[in-house]
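S.K.:
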Amino acid sequence: MPAPAFLEPWQLRAAFARSLSDMYGKEVPAYTTLLDVSHEVNADFVTQHGADAERLGSIARVTAERHGAIRVGTPTEMSQVARVFGAMGMRPVGFYDLRDASSSSVPVISTAFRPIERSELARNPFRVFTSMLVTADRRFFTADLERRLENFLGARTLFGPDLLALADRAEAEGGLPEDQAAEFLRLATAAFELSAEPVDQAWYRELEAVSAVAADIGGIASTHINHLTPRVLDIDDLYARMEARGITMIDAIQGPPRWEGPDVLLRQTSFRALAEPRTFRTADGEIISDSLRVRFGEVEARGIALTRAGRAAYDAAVVEIDEAAAAARADDPGFTEAQRQEIARAVWQKTFPTTEAALADQELGWFTYEVDPAGAGVVRQPIVYEDFLPRSAAGIFQSNLTSDGAKDASQEGTDRDADWMAGALGRDLNDPFDLYADQVARSLATAAETLGVDPATLTTTHRTTGATR
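In my numbering, each residue's number is its place in the sequence shown (first place is 1) plus 1.
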């Protein structure tokens with residue numbers, strides 16, 4: 002009798018991404034519309050641009066690509082999430098502090114779980130942006146509210162022992178037999194479904210007065226997928242097509258502006274959070290029907306990963322854009338998003354070069370190097386940005402909140418950093434810059450060995466052929 006099939010971590014990851022997508026499409030029908038429009042945009046873009054359309058990944062990869070977003074409440078829950086995603090070859094990458102990245106009350110810190118090897122990203126690049134409440138931050142939570150919130154969170158179970166046991170086995174043994182893999186996927190998907198259990202109305206509203214994000218995390222006894230994000234090749238086209246279908250989008254596309262030069266980092270937008278029916282339990286025990294607006298449909302367009310110098314230039318440009326827009330808004334109460342985009346484009350044009358070649362020569366972007374087919378030199382290829390931007394993430398959250406919540410700026414914030422996150426996870430936190438640098442170094446070493454030259458010479462102009470836009 003043949004042995005049962007064995008699913009490796011990347012196969013678990015791909016199957017889990019599909020399972021979540023199917024589940025979320027049933028829960029949020031507008032997500033299915035978003036997928037349909039994304040596919041239309043991508044197909045048209047490939048028709049119009051040919052091979053250039055796949056400069057930052059094959060159309061097969063782009064079509065399959067998703068990132069999810071979830072929210073948890075405690076370090077224990079965060080470490081359990083790491084175990085579940087670890088089974089699928091997804092490692093924690095980066096530290097994001099959203100508490101000061103938005104004018105709204107977003108009291109969370111985050112990391113992203115994703116594959117870190119280039120080959121694994123090519124197989125399936127599924128990633129999950131995972132946020133955790135900072136209940137000890139007095140700008141958001143009083144000591145009394147923190148105590149009650151910690152008691153509530155400590156009494157719930159998001160990930161059952163059977164799921165965690167299968168996750169640990171998959172990570173330790175490099176996968177699972179087919180029958181156990183099916184059970185793991187079933188349990189993992191169910192852990193992120195929207196619960197039908199009634200919500201304690203008074204408790205939820207108390208947290209919502211602080212932050213809608215806090216209420217979504219700590220006001221219910223479960224967690225759920227907050228959004229599931231497809232990747233699109235022309236986000237401006239998608240935005241217009243969604244509006245044409247009568248779906249209300251948030252006011253702006255977050256991240257870098259549309260301009261004539263290379264796309265860098267990440268641009269994101271979403272349709273507005275929809276009113277979803279939920280049941281509530283009132284103080285006197287009555288079960289009533291109401292609705293919540295906490296889940297939305299996000300979409301993203303990914304560009305070239307920036308080096309530390311490139312990222313510093315990006316951060317400085319964002320500050321300059323914000324300051325110029327604030328000054329313009331003060332002078333003109335009718336200031337529009339279109340005017341803000343004009344300011345952004347002007348700042349971008351003086352900050353970043355208009356070609357990939359210049360982006361590489363100025364060491365602002367990450368590129369790999371591969372021997373060209375003739376064996377005469379190397380071809381430079383851009384590295385796609387696989388990570389996130391805290392300001393953009395907070396901007397998406399803020400645009401979908403029903404209110405700004407409450408934040409007491411007179412109180413001291415609570416220190417949280419990458420080391421703290423690594424301790425909470427119980428595993429190393431990968432630095433995204435180091436991961437990109439490692440990709441470059443490996444590509445140079447491989448190409449140099451093939452050509453029999455010093456790797457340092459491969460990035461100079463006279464040895465670079467092709468892909469020099």
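Yeah, the Cβ is synthetic: ideal placement off N, Cα and C, and Gly gets one too.
Quick one: is Pro374 buried, meaning 16 or more other Cβ sit within 10 Å of its Cβ, or exposed?
M.R.: One-based indexing of the sequence shown puts residue 374 at position 373. The residue in question, Pro374, is exposed, as its Cβ has fewer than 16 Cβ neighbours within 10 Å.
S.K.: Taking the alpha-carbon positions, what's the Met24 to Gly298 distance?
M.R.: Taking the sequence shown and counting its residues from 1, the one referred to as residue 24 is at position 23. Taking the sequence shown and counting its residues from 1, the one referred to as residue 298 is at position 297. In a straight line, the C-alpha of Met24 is about 14 Å away from that of Gly298.
S.K.: With 16 as the cutoff for other CB atoms within 10 Å, does Ser106 come out buried or exposed?
M.R.: In the sequence shown, counting from the first residue as 1, residue 106 sits at position 105. Result: buried.
S.K.: Could you give the DSSP three-state label for Glu277: helix, strand or coil?
M.R.: In the sequence shown, residue 277 corresponds to position 276, counting from 1. Of the three classes helix, strand and coil, the one that applies to Glu277 here is strand, per DSSP.
S.K.: Apart from the five residues on each side of it in sequence, which residues of its chain come closer than 7 Å, Cβ to Cβ, to Arg417?
M.R.: Counting from 1 along the sequence shown, the entry for residue 417 is found at position 416. Excluding residues within five positions, the ones whose Cβ falls inside 7 Å are Asp98, Ile110 and Val135.
S.K.: At which residue ranges does the segment 252–315 contain complete alpha helix (DSSP H) runs of 4 or more residues, listed in the order of the chain?
M.R.: DSSP runs (the alpha helix (DSSP H)) wholly in the segment 252–315: none.
S.K.: Which two residues bound the contiguous alpha helix (DSSP H) that contains Arg119?
M.R.: Position 118 of the sequence shown, counting from 1, holds the residue named residue 119. From DSSP, the alpha helix (DSSP H) with Arg119 extends over Arg119 to Arg124.
S.K.: For Ala449 and Arg312, what's the separation of their Cα atoms in angstroms?
M.R.: Sequence index remark: in the sequence shown, residue 449 carries index 448 (1-based). Sequence index remark: in the sequence shown, residue 312 carries index 311 (1-based). Answer to the nearest angstrom: the Cα atoms are 28 Å apart.
S.K.: Assuming Arg381 is part of the beta strand (DSSP E), what are its boundary residues?
M.R.: Position 380 of the sequence shown holds residue 381. First-last of the beta strand (DSSP E) with Arg381: Val379 to Pro383.
S.K.: Answer yes if the segment 219–233 comes into contact with the segment 29–49, meaning at least three C-beta pairs across the two stretches below 8 Å, and no otherwise.
M.R.: yes
S.K.: Can the beta-carbon of Ser212 be found closer than 9 Å to that of Phe141?
M.R.: Numbered from its first residue, the sequence shown carries residue 212 at position 211. Numbered from its first residue, the sequence shown carries residue 141 at position 140. Yes, the Cβ-Cβ distance between Ser212 and Phe141 is below 9 Å.
S.K.: So, are the CB atoms of Gly262 and Leu390 less than 9 Å apart?
M.R.: Counting from one through the sequence shown, the residue named residue 262 turns up at place 261. Counting from one through the sequence shown, the residue named residue 390 turns up at place 389. Their beta carbons are not under 9 Å apart, which means Gly262 does not touch Leu390 by this criterion.
S.K.: Can you give the Cα-Cα distance for Thr466 and Pro456, rounded to whole angstroms?
M.R.: Start at 1 with the first residue of the sequence shown, and residue 466 comes out as number 465. Start at 1 with the first residue of the sequence shown, and residue 456 comes out as number 455. Only weak support exists for where Thr466 lies, its pLDDT of 43 falling under 50; the value from the coordinates is given anyway. Near 15 Å, if we compare the C-alpha coordinates of Pro456 and Thr466.
S.K.: Taking the beta carbon of Gly95 as the centre, do at least 16 other beta carbons fall within 10 Å, making it buried, or is it exposed?
M.R.: Counting from 1 along the sequence shown, the entry for residue 95 is found at position 94. Gly95 is buried by the Cβ-count criterion.
S.K.: Under 8 Å by Cβ, that's how I've got Pro178 and Phe17 pegged, so tell me the actual separation to the nearest angstrom.
M.R.: Taking the first residue of the sequence shown as 1, we reach residue 178 at position 177. Taking the first residue of the sequence shown as 1, we reach residue 17 at position 16. Between Phe17 and Pro178 the Cβ distance is about 16 Å, and since that is not below 8 Å, they are no contact.
S.K.: Going by alpha carbons, who is nearest to Ser393 out of Gly51, Asp316, Ala166 and Glu357?
M.R.: In the sequence shown, residue 393 corresponds to position 392, counting from 1. For Ser393, the nearest C-alpha among the options comes from Asp316.
S.K.: I'd like to check one pair, Ala52 with Thr415: are the Cβ atoms closer than 9 Å?
M.R.: As a working mapping, residue 415 is identified with position 414 in the sequence shown. As a working mapping, residue 52 is identified with position 51 in the sequence shown. Their beta carbons are not under 9 Å apart, which means Thr415 does not touch Ala52 by this criterion.
S.K.: Only counting runs of 3 or more residues, tell me where the beta strand (DSSP E) segments fall wholly within the segment 166–244, in order along the chain.
M.R.: 228–231, all fully within the segment 166–244.
S.K.: Would you kindly work out how many angstroms separate the C-alpha atoms of Gln342 and Pro108, rounded to a whole number?
M.R.: Counting from 1 along the sequence shown, the entry for residue 342 is found at position 341. Counting from 1 along the sequence shown, the entry for residue 108 is found at position 107. C-alpha of Gln342 to C-alpha of Pro108: approximately 28 Å in a straight line.
S.K.: Report buried or exposed for Ser290, applying the criterion of at least 16 other Cβ atoms within 10 angstroms of its Cβ.
M.R.: In the sequence shown, the residue the question calls residue 290 occupies position 289. Of the residues assessed, Ser290 falls on the exposed side of the cut-off, its CB having fewer than 16 other CB atoms within 10 angstroms.
S.K.: What three-state label does DSSP hand Leu430 in the structure shown?
M.R.: Counted from its first residue, the sequence shown places residue 430 at position 429. Looking at Leu430 - three-state DSSP - the assignment turns out to be coil, as it is neither helix nor strand.
S.K.: Apply the 10 Å Cβ neighbour rule to Ile397 and answer buried if 16 or more other Cβ atoms are within range, or exposed otherwise.
M.R.: Your numbering for residue 397 matches position 396 in the sequence shown. Under this definition Ile397 is a buried residue.
S.K.: Is the segment 298–310 touching the segment 330–347 in the sense that three or more CB pairs, one from each, lie closer than 8 Å?
M.R.: no
S.K.: Using CA coordinates, which residue listed in Leu307, Ala442, Ile71 and Asp237 is at the minimum distance from Phe193?
M.R.: The residue labelled residue 193 in the question sits at position 192 within the sequence shown. For the residues Leu307, Ala442, Ile71 and Asp237, the minimum Cα distance to Phe193 belongs to Ile71.
S.K.: Measure the alpha-carbon distance for Gly219 versus Tyr205 and round it to whole angstroms.
M.R.: As a position in the sequence shown, residue 219 is number 218, starting the count at 1. As a position in the sequence shown, residue 205 is number 204, starting the count at 1. Each residue's Cα considered, the two are about 8 Å apart.
S.K.: What span of residues does the alpha helix (DSSP H) with Met79 cover, start to end?
M.R.: Counting from 1 along the sequence shown, the entry for residue 79 is found at position 78. That run of the alpha helix (DSSP H) goes Pro76 to Gly87.
S.K.: Check the DSSP bridge columns for Leu8 and list the partner residues they point to.
M.R.: Numbered from 1 along the sequence shown, position 7 holds the residue referred to as residue 8. Its beta-bridge partners are Leu177.
S.K.: Given a threshold of 16 other Cβ atoms within 10 Å of its Cβ, counted over all protein chains shown, does Arg14 qualify as buried or as exposed?
M.R.: If you number the sequence shown from 1, residue 14 lands on position 13. When all chains shown are included, Arg14 counts as buried.
S.K.: Just how far apart, CA to CA, sit Arg309 and Leu365?
M.R.: Looking up residue 309 in the sequence shown gives position 308. Looking up residue 365 in the sequence shown gives position 364. The straight-line gap separating the alpha-carbon atoms of Arg309 and Leu365 is approximately 8 Å.
S.K.: Give the straight-line distance between the Cα atoms of Thr158 and Glu147, rounded to the nearest whole angstrom.
M.R.: In the sequence shown, the residue the question calls residue 158 occupies position 157. In the sequence shown, the residue the question calls residue 147 occupies position 146. Spanning the two alpha carbons is a distance of roughly 19 Å.
S.K.: From the DSSP secondary-structure annotation, give me the bridge partner or partners of Tyr370.
M.R.: Reading the sequence shown from its first residue, position 369 is the one you call residue 370. Paired residue(s): Arg381.
S.K.: Given this structure, state the Cα-to-Cα distance separating Gly90 from Asp180, to the nearest angstrom.
M.R.: One-based indexing of the sequence shown puts residue 90 at position 89. One-based indexing of the sequence shown puts residue 180 at position 179. Approximately 19 Å between the Cα atoms of the pair.
S.K.: Looking only at C-alpha atoms, which of Ala425, Ala318, Val380 and Tyr370 sits nearest to Gln440?
M.R.: As a position in the sequence shown, residue 440 is number 439, starting the count at 1. If we check each option's Cα against that of Gln440, Tyr370 comes out closest.
S.K.: Does the segment 77–84 come close enough to the segment 421–434 that 3 or more CB-CB pairs lie under 8 Å?
M.R.: Result yes; three or more Cβ-Cβ pairs closer than 8 Å.
S.K.: Helix, strand or coil for Leu134, going by three-state DSSP, please let me know.
M.R.: Residue 134 sits at position 133 when you count from the first residue of the sequence shown. For Leu134, the three-state secondary structure derived from DSSP is strand.
S.K.: In three-state terms, what does DSSP make of Pro391?
M.R.: Indexing the sequence shown from 1 puts residue 391 at position 390. Helix at Pro391.
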